[in-house]
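Accompanying notes for the structure given below.
There are 2 protein chains.
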Amino acid sequence: MTTAQRGRPGPRRTLTDEAIVTAALELLDRRGADAVSIRGIAAELGVAPNALYTYFPDKAAVLRAVADRLIGEYDLGALANPARPWRQRLHDLALSLRSRLLDHPGATAMLLGAPMDGPRALALGEALLAVVGEAGLDERDAARASYLLIVYVLGSIALEAAEVEPTRPAPPEAQRVAARKAAFDAVPATTYPLTAASADVMSRYITTEQFRWGLDRVIDGFAGPAAAAHQ
Amino acid sequence: MTTAQRGRPGPRRTLTDEAIVTAALELLDRRGADAVSIRGIAAELGVAPNALYTYFPDKAAVLRAVADRLIGEYDLGALANPARPWRQRLHDLALSLRSRLLDHPGATAMLLGAPMDGPRALALGEALLAVVGEAGLDERDAARASYLLIVYVLGSIALEAAEVEPTRPAPPEAQRVAARKAAFDAVPATTYPLTAASADVMSRYITTEQFRWGLDRVIDGFAGPAAAAHQ
DNA sequence: ACCTGAACACCGTTCAAGT
DNA sequence: ACCTGAACACCGTTCAAGT
Chain A
1 MTTAQRGRPG PRRTLTDEAI VTAALELLDR RGADAVSIRG IAAELGVAPN
51 ALYTYFPDKA AVLRAVADRL IGEYDLGALA NPARPWRQRL HDLALSLRSR
101 LLDHPGATAM LLGAPMDGPR ALALGEALLA VVGEAGLDER DAARASYLLI
151 VYVLGSIALE AAEVEPTRPA PPEAQRVAAR KAAFDAVPAT TYPLTAASAD
201 VMSRYITTEQ FRWGLDRVID GFAGPAAAAH Q
Chain B
1 MTTAQRGRPG PRRTLTDEAI VTAALELLDR RGADAVSIRG IAAELGVAPN
51 ALYTYFPDKA AVLRAVADRL IGEYDLGALA NPARPWRQRL HDLALSLRSR
101 LLDHPGATAM LLGAPMDGPR ALALGEALLA VVGEAGLDER DAARASYLLI
151 VYVLGSIALE AAEVEPTRPA PPEAQRVAAR KAAFDAVPAT TYPLTAASAD
201 VMSRYITTEQ FRWGLDRVID GFAGPAAAAH Q
């Protein structure tokens, strides 16, 4: 993945699409989202900034490729495995996507800033359609349901990442919850009584447990709670 | 809202927080998200760029204020009106938020780029808790459900806006669907058979009708489909 | 075909004035 | 207290070379 040297050599062929994406991710993790600039990536690769324009038409295309790489890190084999109940496979997908993306806070903007039409995003969508089909939905509702799932997962991650963004590695869950709790405790109970009273639950939105709860509600919504019973 | 001239005059007091937010929105609508820069806003107001730093600590704070303004445009009175069924009020809120935010594509990044902790966002959250409570959920589930709703609405809008972003006014729905349809028709049916077969449904994700469908599934998920029957 | 140097037209932010 | 001019350290992108 790091190199690969495709095509004929020409005068140099120092770079690869994949090498550029790797450098961008490296930079993202080490120095944060703002550091992911054309000039920064080029420096990371030891190359002049404008060299990247041989491989990508503009910065947005680079970011789209980074997003597609992150999405493609999930093993689609696990999603297709018919030995496991479909609901469980959807859980795995959603939870894995979430933790993987929260490992790179700052990547959220790349995921939501452009249509996810990369090859790996398409492959994921295809696999998702198959799984949701097993839930007994017809073609039309299967398509809608898989989109609903994507909306839920990406929406959740976006709202979680918004509270973290600047930091390079997302702090542990307990710490994020504590910070949120402090913010909600500062809400005046006189003007926002319900909010203040729910501060405890609210501060845990940002939690794996709550993410699971929402995920089950979404699945119940399109598959019916009955489906939860027989898994 | 445009001016207001609070506090003592001092040497000038030309600006207001609100005037700055207004100028930013003006710029957003007229020249797109990339034009919303500190320098751009300042030019819009006929002022030196660094003048804005008297009112906001940095650019991120300006963008957060813009996001709060957009959220606050919804009339909370309608949400609290006990004469209408709660489910209908949730629909109104979600649909109004969606169309309002799609009127400003490019605002999505501002909504998802930072925690929504502005005064108007808090007020909306408070009202939402009250409505969801009417659905018969206890305090804990009401908090979770209202967050789920927000995730759905903002997630949907983000994915929709991602396909539009650069354009200043979002093109009409029919045109957006057609563009999406063309993209899906280009998907190779041999590698992605389910995706290609569903191209028709997929291209309509971006549609008010589909948004309603997902919204109902989400509400069914936490309130039970039974609630749909008696409204 | 692929890379470079130099340049263009921008950014956000800071700092030392001025009033 | 509020605004300005000037500067700093950056951006993305383009263009005319060089190999």
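Sequences listed follow chains A and B, in order. Here the first sequence is numbered in full-length UniProt numbering, starting from 1 and rising by one per residue. Here the second sequence is numbered in full-length UniProt numbering, starting from 1 and rising by one per residue. Even glycine gets a Cβ: it sits at the ideal position worked out from N, Cα and C. On a predicted model such as this, the values are computed, not experimentally measured, just so you know.
The C-beta of A:Leu-122 comes closer than 8 Å to at least one C-beta of chain B. Beta-carbon to beta-carbon, B:Leu-79 and B:Val-131 are separated by about 6 Å, close enough to satisfy the 8 Å threshold. Counting only runs of 4+ residues, the alpha helix (DSSP H) found wholly inside the region 99-175 of chain A occupies 108-112, 119-134 and 139-162, in chain order. In the three-state reduction of the DSSP assignment, A:Thr-16 falls in the coil class, being assigned neither a helical nor a strand state.
Rounded to whole angstroms, the separation of the alpha carbons of B:Glu-26 and B:Ile-20 is 10 Å. Going by C-alpha positions, B:Leu-52 is about 39 Å away from B:Asn-81.
Straight through space, the alpha carbons of B:Arg-89 and A:Arg-98 are spaced by roughly 31 Å. Ranked by Cα distance from B:Arg-212, the first of B:Ala-170, B:Gln-175 and B:Val-153 is B:Val-153. For B:Met-202, the C-beta contacts it makes with chain A under 7 Å involve Ala-143, in order along the chain. The beta carbon of B:Arg-64 sits closer than 6 Å to the beta carbons of Ala-114 from its chain, once the five residues preceding and following it are set aside; these are given in chain order.
For A:Ala-186 and A:Arg-30, the gap between their C-alpha atoms comes out near 33 Å. Legend: CB atoms of the region 93-104 of chain B lying less than 9 Å from CB atoms of chain A are not found in any residue. Cβ neighbours of B:Ile-41 within its own chain (closer than 8 Å, five residues either side excluded): Ile-20, Ala-23, Ala-24, Leu-27, Leu-52 and Val-62. Boundaries of the alpha helix (DSSP H) harbouring A:Arg-217: 208-223, taken from the DSSP string. Excluding five sequence positions before and after B:Ala-60, the CB atoms of its chain that fall closer than 7 Å to its own CB belong to Ala-114, given in chain order. For chain B, the residues of the region 112-140 of chain A that bring a beta carbon within less than 7 Å of one of its beta carbons are Leu-112, Gly-113, Ala-114, Pro-115, Asp-117, Leu-122, Gly-125, Glu-126, Leu-129, Ala-130, Glu-139 and Arg-140, in chain order. With contacts defined as CB atoms closer than 8 Å, A:Gly-155 and B:Ala-158 qualify as a contacting pair. Selection B:Tyr-205, B:Asp-141 and B:Leu-148 evaluated against B:Ala-174 yields B:Tyr-205 as nearest (Cα-Cα).
The beta carbon of B:Glu-44 is closer than 6 Å to those of Ala-23 and Leu-27 in its chain, skipping five residues each way along the sequence.
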